[in-house]
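Trainee: Its first residue numbered 3, the sequence shown is counted upward by one per residue in our numbering. Glycine residues also receive a C-beta, built at the ideal position from the N, C-alpha and C atoms.
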Amino acid sequence: MTFFSRHWSTYRQVLEHDLMEHGALTAALTGTIDGWLEQRGPGAPAPHALDLGCGDLSLLPPLLRRLPLASFTGIDLNGAVLPLAGEALGPVPYPCRFLEGDLLAWAEAEPEGPPMDLLLSSFAVHHLQEPDKGRFLRGCRRRIAPGGLLLWADVFRAPGESRDTYVDRYSARVHSWSPLEPERQEEVIAHLSQWDHPADPETIVKEAEAAGWRWQWGWRGQHRAEALAVLRPVQQGRP
Ligand SMILES: C[S@@+](CC[C@H](N)C(=O)[O-])C[C@H]1O[C@@H](n2cnc3c(N)ncnc32)[C@H](O)[C@@H]1O
């Protein structure tokens, strides 16, 4: 087994056993998108959607197959997951593409084509270090269409918690993930200790608001870590 397939099969086990609460998160995300579409009304143009750090699309395919989209784009740094995403989605009645690329680079690139109406990112932005999460939010704010929506699902620290305390707390939780064999638990811990930089929730809300977003928590998991942030662009001259 290659490093990639071993790593990805561990992540699939985490999903299958709902160890990161993907089920409740996806239900909240689905409800938020359905409410947003209803608010836009049936006469609104079909939205362009983009998933930043799409992986293999996780639990999104059933939702994506029924959304009335104008287009869907998935971007991931790891080109090896993109065929898995395409296979998981299957045929859809709108143009769809999967691109290898960096989510921060996308956010900061000069916009080309129509602005995005619906931006999704799930368990990817926490890989960015501290100043880069603010850059990501500022970049996405430039690239979102008026009336659009950014749904940011991720792990966050508890307010005021240090990264080290977070890593210790999350690692203790991984040790309780009995469906994973101990060797895989250690691999998850090694990965998160090296790569995870979850945002402090109070600091990042302030950064988002300064960048022109209105922030709401759409869902918060049971462990003071997984959560869904719902960000709407503030339009000048409107509350
Ligand atoms: C934990 S997986 C999440 C996959 C999927 N979005 C989900 O919710 O299950 C994180 C994904 O983010 C991707 N990723 C991490 N950093 C990235 C970056 N800077 N740009 C694009 N993708 C990134 C990884 O390659 C991986 O596929």
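Can you list, in chain order, the residues of its chain with a C-beta nearer than 6 Å to that of A82? Leave out the 5 residues immediately preceding and following it.
Mentor: The beta carbon of A82 sits closer than 6 Å to the beta carbons of F6 from its chain, once the five residues preceding and following it are set aside; these are given in chain order.
Trainee: For the beta strand (DSSP E) that D53 lies in, which residues bound it at each end?
Mentor: H50 to L54
Trainee: Please list, in chain order, all residues of the same chain as Q237 whose beta carbon is under 7 Å from its beta carbon, the five residues on each side excluded.
Mentor: P148
Trainee: Is the beta carbon of W221 sitting closer than 8 Å to the one on L65?
Mentor: no
Trainee: For T4, I'd like the list of residues in its chain whose CB is within less than 8 Å of its CB, leaving aside the five on either flank, ordered along the chain.
Mentor: none
Trainee: Looking at the strands, I want to know which residues DSSP matches up with I242.
Mentor: Any property of residue 242 remains undetermined from this structure, which presents the chain solely from 3 to 241.
Trainee: Between L139, A48 and A87, which lies nearest to A201 when the distance is taken from Cα to Cα?
Mentor: L139
Trainee: Measuring CB atoms only, is the region 216-232 touching the region 12-27, in the sense that at least three cross pairs come out at less than 8 Å?
Mentor: yes
Trainee: Alpha carbons only, please: which of A107, E40, P133 and P97 is nearest the one belonging to G55?
Mentor: It is A107 whose Cα lies nearest to the Cα of G55.
Trainee: Any idea what DSSP makes of S7, helix, strand or coil?
Mentor: helix
Trainee: Could you pull out every residue in the same chain whose Cβ sits closer than 7 Å to the Cβ of W197, ignoring the five residues on either side in sequence?
Mentor: H129
Trainee: Based on Cα-Cα distance, which residue from R143, A174 and W154 lies nearest to W215?
Mentor: Out of R143, A174 and W154, R143 has the C-alpha closest to the C-alpha of W215.
Trainee: Going by DSSP, what residue range makes up the alpha helix (DSSP H) through G136?
Mentor: E132 to R145
Trainee: Just to confirm, is the Cβ distance from F125 to C98 under 8 Å?
Mentor: Between F125 and C98, the CB-CB gap reaches or exceeds 8 Å.
Trainee: Looking at the secondary structure, which residues open and close the alpha helix (DSSP H) in which L27 lies?
Mentor: H24 to R42
Trainee: For L61, which residues of its own chain have a beta-carbon under 8 Å away from its beta-carbon, when the five flanking residues on both sides are left out?
Mentor: L17, H24, G25 and T28
Trainee: Rounded to the nearest angstrom, what separates T167 and G43 at their Cα positions?
Mentor: 45 Å
Trainee: Please classify R159: does DSSP put it in a helix, a strand, or coil?
Mentor: coil
Trainee: Taking DSSP as the reference, what is the three-state secondary structure of P113?
Mentor: coil
Trainee: Work out the CA separation of S180 and L122 for me, nearest whole Å.
Mentor: 30 Å
Trainee: Can you list, in chain order, the residues of its chain with a C-beta nearer than 7 Å to that of D2? Leave out the 5 residues immediately preceding and following it.
Mentor: The question about residue 2 has no answer, for the chain in this structure spans 3 to 241.
Trainee: Tell me the residue span of the alpha helix (DSSP H) that contains P64.
Mentor: P63 to R68
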